[in-house]
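J.: Handing you this structure, nothing more for now.
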Amino acid sequence: MKIITIIGIGNMGRGIAMGLLRKKIVSPSNLILSNRTLSRLKEFKKLGVGVRTDNKTAAQNSGMIILAVKPQVLTAVLKEIKPVISKKQVIISAAAGVTIKTIKKTISHDQPVVRVMPNLGAQVGESMSVWTKSKEVTNRQTKMIKRILKAMGQEHYVSHEKIIDKITAISGSGPAYVFYLAELLEKSGMKLGLNGKLASLLARQTLIGSSKILSSSQKSYKILRKEVTSKGGVTEAAFRVIDDSEFEKIFIKAIRVAHKRAKGLNK
Ligand SMILES: NC(=O)c1ccc[n+]([C@@H]2O[C@H](COP(=O)([O-])OP(=O)(O)OC[C@H]3O[C@@H](n4cnc5c(N)ncnc54)[C@H](OP(=O)(O)O)[C@@H]3O)[C@@H](O)[C@H]2O)c1
Numbered sequence: 002m003k004i005i006t007i008i009g010i011g012n013m014g015r016g017i018a019m020g021l022l023r024k025k026i027v028s029p030s031n032l033i034l035s036n037r038t039l040s041r042l043k044e045f046k047k048l049g050v051g052v053r054t055d056n057k058t059a060a061q062n063s064g065m066i067i068l069a070v071k072p073q074v075l076t077a078v079l080k081e082i083k084p085v086i087s088k089k090q091v092i093i094s095a096a097a098g099v100t101i102k103t104i105k106k107t108i109s110h111d112q113p114v115v116r117v118m119p120n121l122g123a124q125v126g127e128s129m130s131v132w133t134k135s136k137e138v139t140n141r142q143t144k145m146i147k148r149i150l151k152a153m154g155q156e157h158y159v160s161h162e163k164i165i166d167k168i169t170a171i172s173g174s175g176p177a178y179v180f181y182l183a184e185l186l187e188k189s190g191m192k193l194g195l196n197g198k199l200a201s202l203l204a205r206q207t208l209i210g211s212s213k214i215l216s217s218s219q220k221s222y223k224i225l226r227k228e229v230t231s232k233g234g235v236t237e238a239a240f241r242v243i244d245d246s247e248f249e250k251i252f253i254k255a256i257r258v259a260h261k262r263a264k265g266l267n268k
């Protein structure tokens, strides 16, 4: 397998790199990681992975170049690597909001480009990665891209790029909403007078258990919720308050604002 380069080894780039190594999609010697600061790359150097702080040398000679830098610096990185890029290399961007058209405008109009929206689950091999591609991506490259994305978790292809901004607001940001729920559970426990350590444990283990049920059950979320909600019981009392509130309306509004923000990142 050809060399794979990842540029930007933060939360997402690290998750992608770990997934590729864990699933042996690429050998450490065929993986090159480039990051602005070297300190983030130390753990990978120990594994025999090629580490760089110069994006240009990192991008040279690799079959796939995965970009996991912030959307605001994506164009600068593309300009930097442009002189060493050929049409045989696929650019895979994980940056929120930035379109294939914008990427091609900087690199070349006939560059094979993939746009993917993964999520933080990549760090544990459980990403939800939704992706699309430009017409220049060959069947062989498509197969390889699927293998790369499968190494990070679940992948789903969409032919309409516009959908990706919606996905960004749902599953891209999704883990943050779930962690927020954990924060709320922890805070509520403390409001009831539980100590912080116990409240935190209750929140964490509740989310872990619920996630495992979701991964093994085919039941709808609503049915699963009903299984905890007995008539006239404790959970039902809580949901009477939630259902009478603006909670659902506010949540959907927040998602709409996130979607708008994702669209606004394309500069
Ligand atoms: N985090 C998520 O849950 C998530 C989900 C879906 C998509 N994404 C997308 O993934 C991308 C990365 O997000 P993130 O959360 O991983 O951000 P992050 O943790 O801030 O990581 C970005 C990394 O890029 C490095 N960097 C910055 N400028 C660079 C340059 N010119 N050349 C090389 N490396 C450079 C940073 O280096 P330093 O060490 O010097 O800061 C940092 O390690 C974003 O475009 C985001 O939209 C993220």
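Residues in the sequence shown are numbered from 2 upward in steps of one, following this note's numbering.
Idealized CB from N, CA, C, for every residue including glycine.
Small disclaimer: the values here were computed from a predicted structure and weren't measured.
(1) Looking only at its own chain, which residues have a Cβ that is under 6 angstroms from the Cβ of L208, when we skip the five neighbours before and after it?
(2) If we count the other Cβ atoms within 10 Å of its Cβ and call it buried at 16 or more, is T305 buried or exposed?
(3) Candidates G11, S63, G16 and S28: which alpha carbon is nearest S40's?
(4) Tell me whether E156 sits in a helix, a strand or coil according to DSSP, three-state version.
(5) Apart from the five residues on each side of it in sequence, which residues of its chain come closer than 6 angstroms, Cβ to Cβ, to L266?
(6) Tell me the DSSP bridge mates of K134?
(7) For V61, count neighbouring Cβ atoms within 10 angstroms of its own Cβ and tell me buried if that reaches 16, exposed if not.
(8) Which word fits N140, buried or exposed, when buried means at least 16 other C-beta atoms lie within 10 angstroms of its C-beta?
(9) Would you list the one or two residues that DSSP bridges to G1?
(10) Given 6 angstroms as the limit, tell me if K57 has its C-beta closer than that to any heavy atom belonging to ligand 1.
(11) Less than 8 angstroms between C-beta atoms, sequence neighbours within five positions excluded: which residues of the same chain meet that for V138?
(12) Given that a residue counts as buried once 16 or more other Cβ atoms are within 10 Å of its Cβ, and exposed if not, what is A152?
(13) Measuring only the C-alpha atoms, how far is I8 from S221?
(14) If you compare alpha carbons, which of G64, E44, A69 and S35 is closest to R53?
(15) Is the Cβ-Cβ distance between S129 and Q155 less than 7 angstroms?
(16) Taking 7 angstroms as the limit between beta carbons, can you name the residues of its chain near V229, skipping five residues before and five after?
(17) May I ask you to check if the CB of M13 is nearer than 6 angstroms to at least one heavy atom of ligand 1?
(18) In chain order, what residues of the same chain lie with their CB nearer than 8 angstroms to the CB of K46, ignoring the 5 residues before and after it?
(19) Given a cut-off of 7 angstroms on the beta-carbon distance, is the pair A259 and S174 in contact?
(20) May I ask you to verify whether the stretch 17-33 touches the stretch 115-124, counting CB pairs closer than 8 angstroms and requiring at least 3?
(21) Taking all protein chains shown into account, decide if G14 is buried (16 or more other Cβ within 10 angstroms of its Cβ) or exposed.
T.: Taking the definition as stated:
(1) As a first step, residue 208 is located in the sequence shown; it is residue number 207 there, counting from the start. Around L208: A183.
(2) Outside the shown range of the chain (2 to 268) lies residue 305, about which nothing can therefore be said.
(3) Walking along the sequence shown from the start, residue 40 turns up at place 39. Considering only alpha carbons, the answer is G11.
(4) On the sequence shown, position 155 is the one that residue 156 refers to. Looking at E156 - three-state DSSP - the assignment turns out to be strand.
(5) Numbered from its first residue, the sequence shown carries residue 266 at position 265. P72, A97 and G98.
(6) Within the sequence shown, numbered from 1, the residue matching residue 134 stands at position 133. For K134, which the question treats as bridged, DSSP gives the partners V115.
(7) As a position in the sequence shown, residue 61 is number 60, starting the count at 1. The question names Val, yet the displayed sequence has Gln at residue 61. Looking at its Cβ environment, which holds 16 or more other Cβ atoms inside 10 Å, Q61 is buried.
(8) As a first step, residue 140 is located in the sequence shown; it is residue number 139 there, counting from the start. With fewer than 16 other Cβ atoms from the protein chains shown falling within 10 Å of its own Cβ, N140 counts as exposed.
(9) No statement about residue 1 is possible, as the shown extent of the chain runs from 2 to 268 and does not include it.
(10) Here residue 57 is taken as the residue at index 56 of the sequence shown, counted from 1. For ligand 1, not one heavy atom lies less than 6 angstroms from the Cβ of K57.
(11) Locating residue 138 in the sequence shown gives position 137, where the first residue counts as 1. Here the set comprises V91, P113, V114, V115 and I146.
(12) Reading the sequence shown from its first residue, position 151 is the one you call residue 152. With 16 or more other CB atoms across the displayed protein chains lying within 10 angstroms of its CB, A152 is buried.
(13) Locating residue 8 in the sequence shown gives position 7, counting from the first residue. Locating residue 221 in the sequence shown gives position 220, counting from the first residue. So the two alpha carbons sit approximately 39 angstroms from each other.
(14) One-based indexing of the sequence shown puts residue 53 at position 52. The residue with the shortest Cα to Cα distance from R53 is S35.
(15) Your numbering for residue 129 matches position 128 in the sequence shown. Your numbering for residue 155 matches position 154 in the sequence shown. Looking at the sequence itself, residue 129 is Met, so the reference to Ser does not match. Result yes, Cβ atoms of M129 and Q155 sit closer than 7 angstroms.
(16) Taking the sequence shown and counting its residues from 1, one reaches residue 229 at position 228. The answer, listed in chain order, is T236.
(17) As a position in the sequence shown, residue 13 is number 12, starting the count at 1. M13 Cβ: within cutoff of ligand 1.
(18) Mapped onto the sequence shown, residue 46 falls at position 45. Here the set comprises V52.
(19) Residue mapping note: residue 259 aligns to position 258 of the sequence shown, counting from 1. Residue mapping note: residue 174 aligns to position 173 of the sequence shown, counting from 1. Result yes, Cβ atoms of A259 and S174 sit closer than 7 angstroms.
(20) With the cut-off at 8 angstroms, the stretch 17-33 and the stretch 115-124 touch.
(21) For this step, residue 14 is matched to residue 13 along the sequence shown. With 16 or more Cβ atoms within 10 Å of its Cβ, G14 is classed as buried.
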